[in-house]
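Asker:
In the working numbering, the protein residues as written are 5 to 107.
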């Protein structure tokens, strides 16, 4: 693997930030969805502890799963400015003044 360009490093930095923020939001939503049951239901102290613990475990799993999903798929999707430019760059003519490489 060759050296990475500044655009590739910037794209990876943005992708890591996106993975962390979206993972945190999804984990908080999962924790609140599970933890809200103890607020609305009249549970014993032990049951509340079990609900909050299970909410924390589910939130941690959701966070890690989101990070793995976003970061694992990043190189395969070919995202980033450099990859996009490589896909969109038309072939160059083989001789000046020609409009296609095979002419």
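A virtual CB, placed ideally from N, CA and C, is assigned to each residue, including glycine.
Determine the extent of the alpha helix (DSSP H) in which residue 26 is found, giving its start and end residues.
Answerer: Looking at the DSSP string, the run of the alpha helix (DSSP H) that includes residue 26 is 10-44.
Asker: May I ask you to report which of helix, strand or coil DSSP gives residue 58?
Answerer: Note: residue 58 maps to helix in three-state DSSP.
Asker: Between which residues of its own chain and residue 60 is the CB-CB distance below 8 Å, once the five residues before and five after are set aside?
Answerer: Cβ within range, chain order: 35.
Asker: Figure out for me which residue from 11, 32, 20 has the closest Cα to the Cα of residue 71.
Answerer: Residue 71 has its Cα closest to that of 20, out of 11, 32, 20.
Asker: With DSSP collapsed to three states, give me the class of residue 7.
Answerer: Coil, per DSSP.
Asker: Whole angstroms is fine: what's the gap from residue 31's alpha carbon to residue 10's?
Answerer: Looking at the two C-alpha atoms, the distance is approximately 31 Å.
Asker: Which residues in the same chain as residue 67 place their Cβ atom closer than 8 Å to its Cβ, once the five residues preceding and following it in sequence are excluded?
Answerer: Same-chain partners within the cutoff: 27, 28, 30, 31.
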